[in-house]
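**Q**
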Amino acid sequence: MRASTVPLEGHKVKITVEVEEEELSAVREDTVLRLTLEARLPGFRPGKVPRRVLEARLGRQTIRDQVVAEALPRYYEEAVEEQQLDVIAQPEIDVTSGKEDGPLVFDAVVEVRPQVEIPGYEGLVVTLPALEPTDEELDAQVDRLRDQFATLTDVERPAAAGDVLTLDVRVSRGGRPLPDLDVEDQTYELGSGNLAEGADVQLTGAKVGDIVAFATPASDGSELELKVLVKRVREKVLPAVDDAFASDASEFDTLAELRDDLRGRLRRTRRLQANMELRERAVEALIALVAEDVPASLVDHERDHLAASLAARLERQHIRLGEYLAATGRDEASLVAELAEQAARQVKADLALRALAAAESIEVDESDLDEEIVRLAGQAGHTPAEVRDAFEREGRLAGLRSDLRNAKALAWLVEHVGVEDDEGNPIDRSALLLEDAAQSGAPAAPDGADAEQAREAGGAARERSAGAERSAGAERSAGAERSAGAASGDARPGFAESGSEQGGVHVAAEELTS
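Quick note, the sequence shown lines up with residues 18 to 531 if you use the working numbering.
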C-alpha cells in the first residue's frame with residue numbers, strides 16, 4: 018500500500034491510497050469465506066456452499082464489489098496511521114481505479130484537527146482578586162454575624178425591607194384553591210426574595226391585619242393567585258459591636274480576637290478563591306491568543322456532548338426538558354445557542370492546550386497512562402486490566418492519552434503564567450498557599466465554615482468553567498420553586514423572639530379564607 022496526502026482548504030486533506038492487486042488477495046479470501054458462511058442455497062447446508070458454486074451464483078463483479086467495500090476502511094485506517102493524521106470527521110471516499118480489477122486506488126477527503134498558533138504564551142499574565150481582606154469586608158462579616166444574633170421586636174409601623182413577617186398564605190390557580198401550597202404562620206424576611214416573585218414589592222408597606230392579593234408566575238408558565246395575611250411585623254435589633262457580643266457569638270472573649278479570627282478565615286477563603294480562578298483565567302488568557310476559527314464539526318460534536326450530559330443530569334433528577342426550560346426562563350433556541358457558545362470555547366481551549374503541549378514538548382509516557390487507568394479503575398470498581406482492555410477495544414486509548422497531555426499542558430501553564438492583583442502588583446506564588454499548607458507546598462483543604470466560604474468564593478470561577486452546565490444549576494431550580502408560590506420560607510434560625518402576637522388578626526384570617 019502506498020499513501021500520500023495533499024492539504025485542502027477548510028482543515029481538510031486528500032489522502033490518495035493505492036493497493037496492488039496482490040495485496041487484495043487476503044481481503045478477497047476473507048470476503049469469500051464470509052460470503053460462504055452467509056450463503057443460503059438450495060441443496061447445500063449453511064456454510065458448506067462450494068466456492069465455485071458461490072462465485073458462479075453471485076458473479077465475479079458482485080464479489081469484487083464486496084472485496085472493495087471491505088478493503089476501503091481497512092486501508093484507509095492504515096493510511097491515516099501511516100500519515101499520522103488526526104482526523105475529526107468521517108471521510109468522503111471516491112474509488113478512482115480498480116473497481117473491476119487491477120490495483121485499487123481511492124481518494125479520501127477528510128477533515129483533520131487544525132494546529133492553532135498561540136503567539137506570546139510565554140508572557141501571559143492573569144489578574145487575581147486581592148489576597149488580603151479589607152476592613153470594609155471584615156466589617157461586613159461582623160455584620161453578618163450580628164444579623165444571626167439579632168432579636169426581633171414587634172412594631173406597629175408599615176413593613177419595611179429587613180423586617181421579619183409572620184404570614185398566612187392561600188394559593189389558587191384560575192380561582193381554584195390549591196390547599197397543598199397553603200402555608201400557616203410563615204416566617205419571612207421582607208426583601209429576601211424567597212417567598213414568590215413580586216411578593217416583596219406587594220408586602221412592603223403592609224401592616225398587621227392587611228391582606229395582600231397578587232398574582233405570581235408558576236414554573237409551568239401559568240399564573241398563581243396569592244392571598245397573604247400579615248399577622249405580625251417585627252424589626253431586627255442588632256447587638257452592639259463589643260466584647261460582650263464577641264463572647265456570645267463565638268468562642269472568643271474579645272471583639273479584637275473575633276476580628277482576627279474572621280480576618281484569617283477571609284484570608285484563607287481569598288487564597289482558595291485565587292487558586293480556583295488561577296486555572297480558569299490562565300485558560301481564558303491562552304484561548305485569547307487563538308485567532309483561527311475552529312472547525313464547525315468539532316463544535317457541533319462538543320455541543321451534542323454537552324446536550325447529552327445535560328439531558329442525563331435532568332433525567333437523574335427526574336426533570337423534564339420543558340420543566341427545566343420553564344424554570345430557567347429560556348426556550349430551546351436560547352439553550353442550544355448557549356451550548357454552542359460553551360462548545361466553541363471548550364474546543365478552542367482544547368486546541369490551544371494541544372498547541373502549548375507541542376510547543377513545550379510535553380508528552381505522556383506509559384507511567385502516566387498506567388496511573389490514570391488505575392485511577393479510573395478505582396472509580397469504576399474494575400481492575401486496571403479490565404479498564405485498559407475496554408479503552409483499547411473501543412479505540413479510546415489515544416483519546417485518553419490526549420486528555421492527559423492536555424492536563425499536563427494546563428499544569429505547565431498554571432505554573433508559568435504571571436500573576437498580579439487588581440492593582441497590577443505582582444503576586445508571589447508562595448502567597449497563594451495557605452499557612453497550614455506552606456510546609457507541604459500544596460493548598461490545604463478547608464473544613465467547617467472555611468469550606469463553605471471557599472465554595473461560595475469559587476462560584477464565579479466554576480460557573481465560567483462550567484459554561485453550559487451552568488444552565489442546569491440549582492440556583493435556577495430554586496427560582497422555579499419560588500415561582501411556584503408560597504411553599505418555601507425563611508425560618509431564620511437563631512433569631513431571639515420578643516413581643517407578642519398583635520390583635521385584629523383573627524378577623525382578617527376569616528376574610529383570607531373567603
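Cβ atoms here follow ideal geometry from the backbone N, Cα and C, with glycine treated the same way.
1. Look up glutamine 203 in the DSSP assignment and give the residues it is bridged to.
2. So aspartate 47 and glutamate 87 are supposed to be a Cβ contact under 8 Å. How far apart are they, rounded?
3. In this structure, how does DSSP classify proline 136 when only helix, strand and coil are distinguished?
4. Report yes if the CB atom of threonine 183 is closer than 8 Å to the CB atom of aspartate 202, and no otherwise.
5. Among all the DSSP beta bridges, which residues are the ones paired with valine 127?
6. Quick check: the Cα distance between leucine 338 and leucine 352, rounded to an integer number of angstroms?
7. Between which residues of its own chain and valine 593 is the CB-CB distance below 7 Å, once the five residues before and five after are set aside?
8. In or out: valine 254 buried (at least 16 other Cβ within 10 Å) or exposed?
9. Which stretch, first to last residue, makes up the alpha helix (DSSP H) that contains phenylalanine 262?
10. Under 8 Å by Cβ, that's how I've got leucine 145 and leucine 295 pegged, so tell me the actual separation to the nearest angstrom.
11. Can you tell me where the beta strand (DSSP E) with arginine 249 in it begins and where it stops?
12. Quick check: the Cα distance between glutamate 498 and arginine 285, rounded to an integer number of angstroms?
13. My output table needs one value for valine 229: the three-state DSSP class, helix, strand or coil.
14. Do you know how far the Cα of alanine 424 is from the Cα of glutamate 380?
15. Consult DSSP for arginine 19 and reduce its assignment to one of helix, strand or coil.
16. Taking 8 Å as the threshold, find out whether the segment 172-180 comes into contact with the segment 209-227 through three or more Cβ pairs.
17. As a quick exercise: from Phe262, Ser236, Arg422 and Val404, pick the residue whose alpha carbon is nearest that of aspartate 164.
18. Exposed or buried, which one is leucine 169 when buried takes at least 16 other CB atoms within 10 Å?
19. Are the beta-carbon atoms belonging to leucine 449 and arginine 280 less than 8 Å from one another?
20. If you check the beta carbons only, do glutamate 139 and proline 312 fall under 8 Å apart?
21. Between which two residues does the alpha helix (DSSP H) holding glutamate 87 run?
22. Taking 8 Å as the cut-off, does the segment 406-413 touch the segment 115-123 (at least 3 CB pairs, one atom from each stretch)?
23. In its own chain, which residues sit with a C-beta less than 8 Å from the C-beta of glycine 476, not counting the 5 before and 5 after it?
24. Could you please give me the residues that DSSP links to serine 189 through a beta bridge?
25. Does the distance from the CB of glycine 238 to the CB of alanine 343 come in under 8 Å?
26. Starting from the Cα of aspartate 199, find the closest Cα among Ala213, Gly208, Leu207 and Ser209 and give me that residue.
27. Relative to the C-alpha of glutamate 431, which candidate in Leu303, Glu149, His335 and Ala329 has its C-alpha closest?
28. Tell me whether the beta-carbon of glutamine 100 lies closer than 8 Å to the beta-carbon of threonine 151.
29. Relative to the C-alpha of lysine 31, which residue among Val44, Pro59, Leu75 and Gln107 is closest?
30. Can you give the Cα-Cα distance for glycine 137 and leucine 89, rounded to whole angstroms?
31. Using CA atoms only, rank isn't needed, just tell me which of Glu206, Ile228, Arg347 and Phe166 is closest to serine 236.
32. If you count every other CB in all the chains shown that lies within 10 Å of the CB of aspartate 197, and 16 or more means buried, which is it?
33. Tell me the residue span of the beta strand (DSSP E) that contains isoleucine 110.
34. Return the chain-ordered list of same chain residues with a C-beta closer than 6 Å to the C-beta of glutamate 320, the five sequence neighbours on each side being excluded.
**A** Walking through what the data contain:
1. Looking at the DSSP assignment, glutamine 203 forms a beta bridge with Leu184.
2. Taking the Cβ atoms as the reference, aspartate 47 lies roughly 7 Å from glutamate 87, within the contact range of under 8 Å.
3. Proline 136 falls in the coil class under three-state DSSP.
4. Their beta carbons are under 8 Å apart, which means threonine 183 touches aspartate 202 by this criterion.
5. Its beta-bridge partners are Val30.
6. Looking at the two C-alpha atoms, the distance is approximately 11 Å.
7. Absent from the structure is residue 593, since the part of the chain shown begins at 18 and ends at 531.
8. So valine 254 ends up on the exposed side.
9. Looking at the DSSP string, the run of the alpha helix (DSSP H) that includes phenylalanine 262 is 260-266.
10. Between leucine 145 and leucine 295 a beta carbon distance of about 6 Å is seen, short of the 8 Å cut, so the two are scored as contacting.
11. Annotation for arginine 249: the continuous beta strand (DSSP E) segment containing it runs 240-254.
12. Here the model assigns glutamate 498 a pLDDT of 29, short of 50, so the residue's position is not dependable and the matter cannot be decided.
13. In the three-state reduction of the DSSP assignment, valine 229 falls in the strand class.
14. Using only the alpha carbons, I get a separation of about 11 Å.
15. If DSSP states are grouped into helix, strand and coil, arginine 19 belongs with the strands.
16. Output reads yes: the segment 209-227 touches the segment 172-180.
17. Of Phe262, Ser236, Arg422 and Val404, the residue nearest in Cα terms is Phe262.
18. Counting Cβ neighbours within 10 Å, leucine 169 comes out buried, since at least 16 surround it.
19. No, Cβ-Cβ distance for leucine 449 and arginine 280 is not below 8 Å.
20. In this structure, glutamate 139 keeps its C-beta atom at 8 Å or more from the C-beta atom of proline 312.
21. Per DSSP, glutamate 87 belongs to the alpha helix (DSSP H) from 77-99.
22. Short answer: they don't touch.
23. Low per-residue confidence applies at glycine 476: pLDDT is 39, beneath 50, and the placement is therefore not dependable, though the value from the model is reported in the following sentence. Around glycine 476: no qualifying Cβ.
24. BP columns for serine 189 point to Pro194 and Glu242.
25. Yes, Cβ-Cβ distance for glycine 238 and alanine 343 is below 8 Å.
26. By alpha-carbon distance to aspartate 199, the top candidate from Ala213, Gly208, Leu207 and Ser209 is Ala213.
27. Before going further, note that residue 431 is valine rather than glutamate in the sequence given. That would be Leu303, whose Cα lies nearest to the Cα of valine 431.
28. In this structure, the beta-carbon distance from glutamine 100 to threonine 151 does not fall below 8 Å.
29. Across the set Val44, Pro59, Leu75 and Gln107, the C-alpha of Gln107 shows the shortest separation from the C-alpha of lysine 31.
30. Roughly 43 Å separates the two Cα atoms.
31. Of the candidates Glu206, Ile228, Arg347 and Phe166, the residue whose Cα lies closest to the Cα of serine 236 is Arg347.
32. The Cβ neighbour count for aspartate 197, taken over all protein chains shown within 10 Å, is under 16; the residue is labelled exposed.
33. Following the DSSP letters along the chain, one finds isoleucine 110 inside the beta strand (DSSP E) bounded by residues 109-114.
34. Contrary to the premise, residue 320 reads as arginine rather than glutamate in this sequence. Taken in chain order, the residues that qualify are Leu356, Ala357 and Ala360.
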